[in-house]
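Respectively, the protein sequence lines represent chains A and B.
Quick note: to get the working numbering, add 98 to the position in the first sequence (first position is 1).
Quick note: to get the working numbering, add 263 to the position in the second sequence (first position is 1).
Ideal placement from N, C-alpha and C gives every residue a C-beta, glycine not left out.
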Amino acid sequence: MTALVAAAKKEGTLNVIALPPTWANYGAIISTFEKKYGITINSALPDGSSQQEVNAIKQENGSPKAPDVVDVGLAVALANTSLFAPYEVSTWSSIPGAQKDPSGLWYEDYGGYMAVGYSTKFGTITSLNQLLGPQFKNAVALNGNPTSANAALNGVMMASLAEGGTAGSIAAGVNFFAKLKKAGNFSPIQATGASIKAGTTPVVFDWDYLNLPSYVGVSNWKVFIPQNAVLGGYYAQAINKNAPHPAAARLWEEFLYSQAADGGQNLWLEGGARPVEQPAMTTDNTINAAAASKLPAVTGTPVFLTQAQSTGAAQYLATNWAKAVS
Amino acid sequence: MPFFGYVGLFLLLPTGIVVWDAFKNPTGHFTLSGLTALGNSQVRGFFIGSFKLSLVSALVGAVFGAILAYAVASGNPDGVIRRLYLAASGVLAQFGGVTLAFAFLALIGPAPTGLLFHASWYYSFPWGITVIYAYFQIPLMVLVFLPAIDGLKVQWREASDSLGSSAWQYWRYVGGPLLLPAFLGALLLLFANALSAFATIQAWEDQIPYTVAQQIYTSTSSEVGLANINYADALALGMVVLVAIVMTGYALLQRRAARWLR
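Okay, structure coming up:
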């Protein structure tokens with residue numbers, strides 16, 4: 099570790115990409131790392147997408163500006179393993195087995211559960227069926243069209259689980275949205291920060307860390323996760339195999355997976371995201387308990403979609419979504 | 264010759280690529296599966312949706328735009344009102360897409376007051392979205408139709424009046440037939456304008472696919488594994504065919520309407 103820190107300091111710079119400062123506390127994570135190690139971080143394209151991250155690796159290959167590390171959705175990580183260098187952080191054993199590549203090409207970092215955010219003017223919502231009531235006219239929105247946006251697909255899947263479906267079938271969720279549409283409660287507008295602030299989409303299905311009052315910028319906003327519909331989704335870290343700053347890249351990963359009070363895992367937690375080592379940290383008592391207690395409450399076993407389940411859901415949506423909601 | 268070069272580069276070449284790719288699968292082999300997909304009931308629904316929306320919004324835009332253009336034309340040709348209308352129409356005809364959708368979103372907002380209909384009505388298809396499309400369709404109609412109305416000579420109206428015809432007879436036998444070819448041409452332009460409009464409906468009805476344009480977007484950008492560029496090409500080919508059919512119908516009508524002008 100001492101040798102790694104020395105080598106990284108000698109490189110002096112780290113290139114990261116697509117890390118919005120307000121997202122999952124990345125602003126604080128970047129400044130803490132810079133202060134701690136005296137390494138400058140070049141943050142490119144903060145609002146970029148996962149696909150743009152891997153595109154940058156390919157297009158800027160060989161340039162000193164190429165991204166050293168990426169933080170991508172799992173589907174993108176799985177499709178691009180040939181671009182990554184294997185690495186196992188020192189806390190490798192604290193990452194649950196299903197959430198990392200056995201050879202260390204990618205490893206999930208933080209994530210959250212699909213949740214329903216809503217304006218407090220509706221009182222307290224405890225079940226999805228309440229959303230079918232007349233006071234929710236035009237109120238309920240997804241974050242995009244589920245045949246193209248991953249967060250929206252997971253929103254429908256979460257409704258499916260809440261309605262008694264399984265991860266293997268999204269049909270119950272599509273039915274729920276058909277009922278919602280019939281009741282006149284489904285808003286066709288994509289939920290964004292702007293639409294929430296304008297009050298046009300007062301009920302939103304999205305990942306819990308993107309649905310926090312602090313993230314959406316609205317104070318009268320609450321979040322709940324329906325009972326037995328705990329659907330998780332995680333991002334993954336990976337190192338560019340031709341990283342211009344290989345030591346800094348590895349030090350960054352060590353920092354992100356550090357369980358220290360000012361390490362990446364607790365900093366993500368403070369941003370409302372659930373760090374991948376949370377179960378181990380809860381056992382080892384290294385977790386920031388105050389931040390953990392602020393996360394939306396969860397009842398039931400978390401479900402994570404496999405690649406096959408998520409493809410199956412997409413195929414079902416391709417033929418049934420338009421029919422159900424138009 | 265430069266004209267053909269231009270048309271070839273910017274119209275024929277892209278169309279050719281779309282048609283060519285519509286017959287391929289993602290691995291590059293020849294297939295008819297993209298085309299057979301055009302036959303399934305869901306895709307047919309998207310085409311019917313696009314057709315309905317384009318037709319309804321073109322008709323609404325054409326009728327109201329024509330009336331407005333007539334009102335403008337009967338005013339002082341150098342007056343302030345006319346210049347104001349033309350300038351406003353020029354700006355508003357280009358006012359579409361996300362800006363327009365967001366303007367409506369802000370207008371309707373959480374608690375709509377003083378609106379003609381309940382907010383949910385504006386999400387309905389095709390009528391709600393037609394009202395939004397009218398914001399660029401009507402100004403466009405004013406712009407393209409005004410020259411035709413200006414072409415009506417005052418002397419014709421005077422001649423018709425002095426021969427004892429009523430206002431109805433003037434429009435039925437003189438003004439109407441003169442304007443009909445221009446009106447139909449403008450209607451077609453508005454139809455094509457609505458058919459290819461994408462950003463407005465995408466921002467307004469993002470989560471519910473009604474039209475072919477929305478479906479092409481999904482099949483080029485899906486991050487859940489449904490992206491299929493050749494299927495998108497097949498849909499685009501379908502739109503080309505749809506426009507071709509409408510153009511043919513227009514040409515036949517135009518020939519009939521303009522028969523006596525020859």
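In the structure shown, what three-state DSSP assignment does residue i receive?
i	result
residue 212 (chain A)	strand
residue 163 (chain A)	coil
residue 115 (chain A)	strand
residue 289 (chain A)	coil
residue 284 (chain A)	strand
residue 359 (chain B)	coil
residue 235 (chain A)	coil
residue 401 (chain A)	strand
residue 199 (chain A)	coil
residue 171 (chain A)	strand
residue 182 (chain A)	strand
residue 265 (chain B)	helix
residue 461 (chain B)	coil
residue 148 (chain A)	helix
residue 289 (chain B)	coil
Please determine whether the Cβ atom of residue i lies at a distance below 8 Å from any heavy atom of the ligand MG.
i	result
residue 251 (chain A)	With respect to the ligand MG, the structure offers nothing, as it holds no ligand at all.
Taking the Cβ atom as the reference point for each residue, do residue i and residue j lie within a distance shorter than 9 Å?
i	j	result
residue 365 (chain B)	residue 476 (chain B)	no
residue 404 (chain B)	residue 347 (chain B)	no
residue 457 (chain B)	residue 320 (chain B)	yes
residue 241 (chain A)	residue 303 (chain A)	yes
residue 243 (chain A)	residue 250 (chain A)	yes
residue 462 (chain B)	residue 361 (chain B)	yes
residue 177 (chain A)	residue 163 (chain A)	no
residue 219 (chain A)	residue 300 (chain A)	yes
residue 203 (chain A)	residue 336 (chain A)	yes
residue 122 (chain A)	residue 205 (chain A)	no
residue 281 (chain B)	residue 496 (chain B)	yes
residue 312 (chain B)	residue 246 (chain A)	no
residue 370 (chain A)	residue 354 (chain A)	no
residue 334 (chain A)	residue 170 (chain A)	yes
residue 286 (chain A)	residue 471 (chain B)	yes
residue 377 (chain A)	residue 183 (chain A)	no
residue 286 (chain B)	residue 298 (chain B)	yes
residue 414 (chain A)	residue 305 (chain A)	no
Starting from residue i and walking both ways along the beta strand (DSSP E), at which residues does that stretch end?
i	result
residue 141 (chain A)	138-142
residue 331 (chain A)	329-338
residue 304 (chain A)	301-305
residue 321 (chain A)	319-322
residue 239 (chain A)	238-240
Shorter than 9 Å from the beta carbon of residue i to some beta carbon of chain A?
i	result
residue 471 (chain B)	yes
residue 475 (chain B)	no
residue 386 (chain B)	yes
residue 241 (chain B)	In this structure chain B extends from 264 to 525, so residue 241 (chain B) is not present and cannot be described.
residue 360 (chain B)	no
residue 481 (chain B)	yes
residue 467 (chain B)	yes
Are the C-beta atoms of residue i and some chain B residue less than 9 Å apart?
i	result
residue 287 (chain A)	yes
residue 363 (chain A)	no
residue 279 (chain A)	yes
residue 320 (chain A)	no
residue 407 (chain A)	no
residue 326 (chain A)	no
residue 282 (chain A)	yes
residue 311 (chain A)	no
residue 258 (chain A)	no
residue 342 (chain A)	no
residue 245 (chain A)	yes
residue 171 (chain A)	yes
The alpha helix (DSSP H) with residue i in it runs from where to where?
i	result
residue 397 (chain B)	390-413
residue 51 (chain A)	Because chain A in this structure spans residues 99 to 424, residue 51 (chain A) falls outside the shown range and cannot be described.
residue 132 (chain A)	124-135
residue 510 (chain B)	492-520
residue 377 (chain A)	376-382
residue 193 (chain A)	Premise fails: residue 193 (chain A) is in no alpha helix (DSSP H) and is neither H nor E.
residue 475 (chain B)	475-484
residue 386 (chain B)	It is not in any alpha helix (DSSP H) - residue 386 (chain B) carries neither H nor E in the DSSP assignment.
residue 284 (chain B)	276-285
residue 331 (chain B)	304-336
residue 296 (chain B)	296-300
Check your understanding: Quick check: the segment 252-265 of chain A against the segment 325-333 of chain A, are there 3 or more CB pairs under 8 Å?
Key -> The answer is yes - the segment 325-333 of chain A touches the segment 252-265 of chain A, with three or more Cβ pairs under 8 Å.
Practice item. Take every Cβ of the segment 484-493 of chain B, pair it with every Cβ of the segment 415-424 of chain B, and state whether three or more of those distances are shorter than 8 Å. Key: With the cut-off at 8 Å, the segment 484-493 of chain B and the segment 415-424 of chain B do not touch.
Exercise for review: Decide if the segment 307-318 of chain B is in contact with the segment 380-389 of chain B; the criterion is three or more beta carbon pairs, one per stretch, under 8 Å apart.
Suggested key: The answer is yes - the segment 380-389 of chain B touches the segment 307-318 of chain B, with three or more Cβ pairs under 8 Å.
**Study point:** Stretch pair the segment 316-327 of chain A + the segment 208-228 of chain A: three plus CB contacts closer than 8 Å
**Key:** Yes: at least three Cβ pairs fall under 8 Å.
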